[in-house]
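See below for the structure under consideration.
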Amino acid sequence: MNKDDLLKLLEELNFPKDQFYILSSGCLVFYNLRDMANDLDLCITENLFEQIKNKYDLNTEKKNKYGFYKLSDDIEVVVDSDEDFIDQFDLKDGYQVQKLSIIRDFKVKRGLPKDLVDVKKIDDYLNDKSLDM
Numbered sequence: 002m003n004k005d006d007l008l009k010l011l012e013e014l015n016f017p018k019d020q021f022y023i024l025s026s027g028c029l030v031f032y033n034l035r036d037m038a039n040d041l042d043l044c045i046t047e048n049l050f051e052q053i054k055n056k057y058d059l060n061t062e063k064k065n066k067y068g069f070y071k072l073s074d075d076i077e078v079v080v081d082s083d084e085d086f087i088d089q090f091d092l093k094d095g096y097q098v099q100k101l102s103i104i105r106d107f108k109v110k111r112g113l114p115k116d117l118v119d120v121k122k123i124d125d126y127l128n129d130k131s132l133d134m
């Protein structure tokens, strides 16, 4: 999915923008560090989870081993406490997206070849951004 596809999915969900942030490859698309994302992963507040759990029939059987609930073939959500939700994101194109430093740390720890490519792109982006200041 490209950025337009992700934006369309977000519009269709119609979740309050202050109740979620974009994770993973979708986040990298918003930072223009990737052209495509495999799916849309969101971190949502406990409050939003309570609002949507019946609509999407979210129960423990729909939760994978990483704690994500599958809303559709293209969308998964993970729930975060309201306290942990704060200071995890930046704003890009009007949406909250996970901070690159957090993504970078995760990818360094996981260490897959594709992660190392992303780490290089993130480092270059952050270095360029610091030069602009």
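One gets the numbering used here by counting positions in the sequence shown from 1 and adding 1 to each.
Backbone N, C-alpha and C fix where the C-beta goes; we use that ideal spot for every residue, glycine too.
Cutting at 8 Å between CB atoms, please list the residues of its own chain near TYR96, excluding the five before and the five after it.
Cβ neighbours of TYR96 beyond the five flanking positions: LEU11, LYS18, TYR22, ILE23 and PHE31.
Hey, quick one: how far does the alpha helix (DSSP H) through LYS66 stretch, first residue to last?
For LYS66, there is no enclosing alpha helix (DSSP H), as DSSP marks it with neither H nor E.
Could you say which of GLN99, VAL120 and LEU101 lies nearest to VAL109 if we only look at CA atoms?
Of the listed residues, the one whose Cα sits closest to VAL109 is VAL120.
Here's the rule I'm using: 16 or more other beta-carbon atoms within 10 Å means buried, otherwise exposed. How should ILE87 be labelled?
So ILE87 counts as exposed.
Inspect the beta-carbon positions of GLU77 and ASP116 and report whether they are closer than 8 Å.
Against a cut-off of 8 Å, the Cβ pair of ASP116 and GLU77 comes out as no contact.
What number of angstroms, rounded off, separates the C-alpha of LYS63 from the C-alpha of PHE50?
Roughly 13 Å separates the two Cα atoms.
Taking its Cβ as the centre, do 16 or more other Cβ atoms sit within 10 Å of THR61, making it buried, or is it exposed?
Flag for THR61 reads exposed.
Can ASP83 and ASN48 be called in contact, C-beta distance under 8 Å?
Between ASP83 and ASN48, the C-beta spacing is below 8 Å.
Cβ-Cβ separation, LEU101 to TYR1 (assumed contact under 8 Å), whole Å:
Residue 1 lies beyond the residue range present for the chain, which begins at 2 and ends at 134; the question has no answer from this structure.
GLY27, buried or exposed, once every other Cβ within 10 Å from all chains shown has been counted against 16:
With 16 or more other Cβ atoms within 10 Å, it is buried.
Terminal residues of the continuous beta strand (DSSP E) containing LEU43?
Counting along the chain, the beta strand (DSSP E) containing LEU43 begins and ends at 41-46.
Rounded straight-line distance, which links the Cα of LYS130 to that of VAL79:
So the alpha carbons of these two residues sit roughly 29 Å apart.
DSSP three-state call for LYS18: helix, strand or coil?
Here LYS18 sits in helix by DSSP.
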